[in-house]
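Just so you know, the protein sequences line up as chains A and B, in that order. For the first sequence, this note's numbering begins at 6 and goes up steadily by one. For the second sequence, this note's numbering begins at 51 and goes up steadily by one.
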Amino acid sequence: MKQDTEADVRTDTAVKILALFFVAIIFLAFTTSPIKTGTKEGERAPPLEGMMYNGSGWTQFDMNDYMTTNWTVGDANGEWLVVEFMDTDCTFCLRDADEFGQVADYFMKISKDADGTPAWNGPVVNFVASATELDIQGHETSREEIISFRDKTGDSSCAGSSCSSRNGEPHNFIYVDDIDQENMQDWKIPGTPSYFIIQPDGIVAWVHSEHPQEKVSDGLFRIFNEQGLMPDE
Amino acid sequence: MNENIILLFYIIPLLVGTAFMTRAGDAMGVSLAGRYPTLVNRRRRHLLGLNIVTLVGFAISVHTLWITNKISEGGEVCSSATVFSCDDVLGNASYNVDPIFGISWGLIGMFAFGTFLFLANSVSKDPDARWSGQYMKWGFYLTASGLLVIALLVSYEIEMEKICQYCTTAHVANVIAMYGFWRASKMHEDGEWKDEEPSSS
């Protein structure tokens, strides 16, 4: 009796290759727990790089330099990061600049109590503003304007008025040049200002858009409280 | 264990597989013929080599996906300050997935080499089947189209100024497999596709 065995050979091979494939997938499933890169809470924050201005000059910035990859929840030694996406010509960013600067000074341990000790005694929180240029008419910015916005110096114009006349004190945190919108696109930022709290291991812990009723300081306090990182009174 | 040493576990069988597909494998085949009589035939040696190369490509793709997953967890697998740092390449969220569907390159490699392995293994089991020549051609076209993907990934590495040694080994496996499918196709067309032919050297 004639038999066509060709299909059997290929079916047999296909079954074996599929079995190999599934073994590989099962191995990966049991040995790894991949974390998606994104800007939702629980995801790994995308890269944030560029030239930064820290008050003295422009140098290279890489968010990874601030991360502690082996950090575990509850570890008070890790340094947290608050990221603000802003535009120097955005009126909402100008409005928030004063309060955001105060919050940054407090959590960066620049604000002191009467006895000279830092007002905040919890984990160190670093602040960074990624300054972009939105595709809106009248939103033309430059490094000079970013410096002017941060330091309240110069005669650059922010949203129609002098940057140096914005509310609040000069900022003490770093500003990253994102005029080309590279970081903004990586983070899929729909508008400014946008705020994120990043855990020391690089995981997004809080996104303002997911907690519109909370301010950055509220978010930090709540998270530190949940993780047992609030300092003793 | 150092990741570069682990890489040798892929490179050595890759070299052995390549040797079986070239004249260097003739002597190997003859010396192994006592234990494995079919290896005296050039066609069998060639198909064995092709199977080894595609299997190595599949395994290294799995390893690449494993490294990608580990880095996403926050771990360091093969981080280095030198130009050879697969962590910097596989951990770069801007480049470690394909630009259209967002699928990890490691998983794409698994699918690709799984397909090559299917083609090579099917032909090995029934080399005289009427579809075997067609399968060799498909294997060549698929591996050749992989060159475009390799070019894209190499351009990423140039942009990052970092080289992922695991990815590069997978790329080399693709190129060797392309040669293997092309050579097998040529043997088929040139009438050398038979086991009875004595081993040529």
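Cβ atoms here follow ideal geometry from the backbone N, Cα and C, with glycine treated the same way. The structure presented is a predicted model; accordingly, all values stated were derived computationally and were not measured.
Proximity of residue i and residue j at Cβ, strictly below 8 angstroms
| i | j | result |
| --- | --- | --- |
| N177/A | I115/A | yes |
| A50/A | E89/A | no |
| V212/A | K45/A | yes |
| A15/A | S182/B | The question names Ala, but residue 15/A in the sequence shown is Arg. No; because the gap between Cβ atoms is not below 8 angstroms, this pair is not in contact. |
| E145/A | E138/A | yes |
| K117/A | A109/A | no |
| A136/A | D183/A | yes |
| F66/A | I179/A | yes |
| E84/A | Y71/A | yes |
| A220/B | T114/B | yes |
| S135/B | S129/B | yes |
| M20/B | S235/B | No answer is possible for residue 20/B: it lies beyond the span of chain B, which begins at 51 and ends at 251. |
| G233/A | I202/A | no |
| P175/A | D160/A | no |
| D32/B | E123/B | Nothing can be reported for residue 32/B, as the shown portion of chain B is limited to 51 through 251. |
| R73/B | W243/B | no |
| L100/B | M71/B | yes |
| N119/B | T77/A | no |
| V80/B | I102/B | no |
| L254/B | V106/B | Outside the displayed span of chain B (51 to 251) sits residue 254/B, for which this structure offers no information. |
For residue i: DSSP bridge partner residues
| i | result |
| --- | --- |
| N131/A | L86/A |
| F201/A | V88/A, V212/A |
| A136/A | M91/A, D182/A |
| W63/A | Y58/A |
| S222/A | Looking at the DSSP assignment, S222/A forms no beta bridge with any residue, so it has no partner. |
| V66/B | Bridge partners of V66/B: none, in fact. |
| P123/A | K117/A |
| V222/B | V222/B pairs with nothing; no bridge assigned. |
| I213/B | F134/B |
| S153/A | Answer is none; S153/A lacks a bridge partner. |
| C168/A | Answer is none; C168/A lacks a bridge partner. |
| S162/A | S167/A |
| S154/B | V147/B |
| R15/A | Its beta-bridge partners do not exist; DSSP assigns none. |
Contact set between residue i and chain A, taken where Cβ atoms lie within less than 7 angstroms
| i | result |
| --- | --- |
| K212/B | Simply none; closest approach about 13 angstroms. |
Residue of the options minimising C-alpha distance to residue i
| i | options | result |
| --- | --- | --- |
| Y191/B | V225/B, H238/B, Y60/B | V225/B |
| D103/A | D183/A, V129/A, C168/A | C168/A |
| N131/A | I152/A, N69/A, D13/A | N69/A |
| D176/B | L97/B, M228/B, S144/B, K212/B | L97/B |
| F97/A | V20/A, F27/A, C163/A, M235/A | C163/A |
| L169/B | N54/B, F59/B, P87/B, M228/B | M228/B |
| S174/B | I208/B, I55/B, G230/B, E53/B | G230/B |
| S205/B | G124/B, V139/B, S122/B, H238/B | V139/B |
| D237/A | V209/A, Y200/A, T74/A, G127/A | G127/A |
| Y58/A | G224/A, E187/A, E231/A, S153/A | S153/A |
| V221/A | F112/A, V181/A, S147/A, N188/A | F112/A |
| E48/A | I228/A, F229/A, D206/A, Q218/A | D206/A |
| T104/B | A223/B, W232/B, Q215/B | A223/B |
| G43/A | A210/A, D13/A, L23/A, G143/A | A210/A |
| V199/B | D148/B, I55/B, L157/B, G107/B | D148/B |
| M91/A | Q186/A, S61/A, R227/A | Q186/A |
| I110/B | T73/A, F26/A, V87/A | F26/A |
| A129/A | Q204/A, P52/A, D13/A | Per the sequence shown, the amino acid found at residue 129/A is Val instead of Ala. Of the candidates Q204/A, P52/A, D13/A, the one whose C-alpha sits nearest the C-alpha of V129/A is Q204/A. |
| D101/A | I22/A, Y200/A, T74/A | Y200/A |
| E211/B | G159/B, F163/B, N142/B | N142/B |
| G165/A | I22/A, A19/A, C95/A, V87/A | C95/A |
| N54/B | P87/B, T218/B, W232/B | T218/B |
| R39/A | L89/B, I121/B, N52/B, Y86/B | Inspection of the sequence shows that residue 39/A is occupied by Pro rather than by Arg. Comparing Cα positions, the closest option is I121/B. |
Within chain A, partners of residue i - CB distance below 8 angstroms
| i | result |
| --- | --- |
| D240/B | Simply none; closest approach about 23 angstroms. |
| A143/B | T42, R49, P51, P52, D191 |
Under 7 angstroms from the C-beta of residue i: neighbouring residues of chain B
| i | result |
| --- | --- |
| F26/A | M160, G164 |
| T77/A | Result: empty, since nearest Cβ-Cβ is about 10 angstroms, beyond 7 angstroms. |
| T146/A | The premise fails here: T146/A is roughly 24 angstroms from chain B at the closest Cβ pair, so nothing lies under 7 angstroms. |
| A29/A | V112, M160 |
| A19/A | F168 |
Listed by chain order, chain B residues near residue i by CB distance under 8 angstroms
| i | result |
| --- | --- |
| I22/A | G164, L167, F168, N171 |
| V14/A | S172, K175, D176, A179 |
| L33/A | V112, L115, W116, N119 |
| T74/A | G124, G125, E126 |
Cβ-heavy atom distance, residue i to the ligand SAM, below 7 angstroms
| i | result |
| --- | --- |
| S129/B | Among the components modelled here there is no ligand, and therefore nothing to report on the ligand SAM. |
Within chain B, partners of residue i - CB distance below 9 angstroms
| i | result |
| --- | --- |
| T4/A | Residue 4/A is absent from the model: chain A starts at 6 and stops at 238. |
Residues in the segment 39-54 of chain A having any Cβ partner in chain B nearer than 8 angstroms
P39, I40, K41, T42, R49, P51, P52
Anything in the segment 112-128 of chain B with a Cβ closer than 8 angstroms to a Cβ of chain A? List those residues in chain order, please.
V112, L115, W116, T118, N119, K120, S122, E123, G124, G125, E126
Residues within the segment 145-166 of chain B neighbouring chain A, beta-carbon criterion of under 8 angstroms:
M160, G164
Residues of the segment 180-196 of chain A with a CB closer than 8 angstroms to any CB of chain B: list them in chain order, please.
D191
Note down, in chain order, all residues in the segment 198-210 of chain A with a beta-carbon under 7 angstroms from any beta-carbon belonging to chain B.
D206, G207
Give me the subset of the segment 124-146 of chain A whose CB atoms are less than 7 angstroms from a CB atom of chain B, sorted by chain position.
none
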